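Participant: After the structure tokens below, expect a handful of questions from me.
In our numbering, the protein residues as written are 4 to 166.
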């Protein structure tokens, strides 16, 4: 299933101005796994992914990944917002990115026995794997995972749904 890594946040203007050749750093490093989710069959596995060892450490299992999460958003007016505060320009609003690292697999026999805290080795993305930058669940750029010092980044090759 799809292996999705929580990415960084960029200002909207920066995300909109990405071009081929740009590198977007991920939270992954040689010493720091990244927060990730893996959807397999009817389950969404949430945990940490260590790219260098292909290890996924499970934090939680969410059943029925097909159903969208409920929206529990309530708008409550606040009294303590200063009236003289400058409004935030839309171009400066942070856009949370996710990185789709392709497909990862796990045998069904292993999946059925998984519990939080378990660590499994995934057959999945390599260090030069294709990667898709997602904003709001939609692809905004495609590229490859590349080392940047001790960290990992996505080298942008195409913009949007191209490629």
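The C-beta atom is built at its ideal place from N, Cα and C for all residues, glycine as well.
Treat the numbers as computed from the prediction; the structure is a model and nothing was measured.
Under three-state DSSP, which class holds residue 130?
Facilitator: coil
Participant: Mapping DSSP to helix, strand and coil, what is residue 153?
Facilitator: coil
Participant: Using a Cβ-Cβ cutoff of less than 6 Å, which residues in the same chain neighbour residue 108 once the five nearest sequence positions on both sides are dropped?
Facilitator: Excluding its 5 nearest sequence neighbours in each direction, residue 108 has C-beta neighbours in its own chain below 6 Å: 126, listed in chain order.
Participant: Spell out the partners DSSP gives residue 55 in its beta bridges.
Facilitator: Its beta-bridge partners do not exist; DSSP assigns none.
Participant: Should residue 134 be labelled buried (16 or more other beta-carbon atoms within 10 Å of its own) or exposed?
Facilitator: For residue 134, the number of other beta carbons within 10 angstroms of its own is at least 16, and it is reported as buried.
Participant: Curious, which full-length alpha helix (DSSP H) runs of at least 4 residues does the stretch 98-128 contain?
Facilitator: 111-115
Participant: Let me know the secondary structure DSSP gives residue 73 once reduced to three states.
Facilitator: Because residue 73 sits at a pLDDT of 47, beneath the cut-off of 50, its placement in the model cannot be relied upon, and the following sentence gives the value as read from the coordinates. Residue state, collapsed to three classes: coil.
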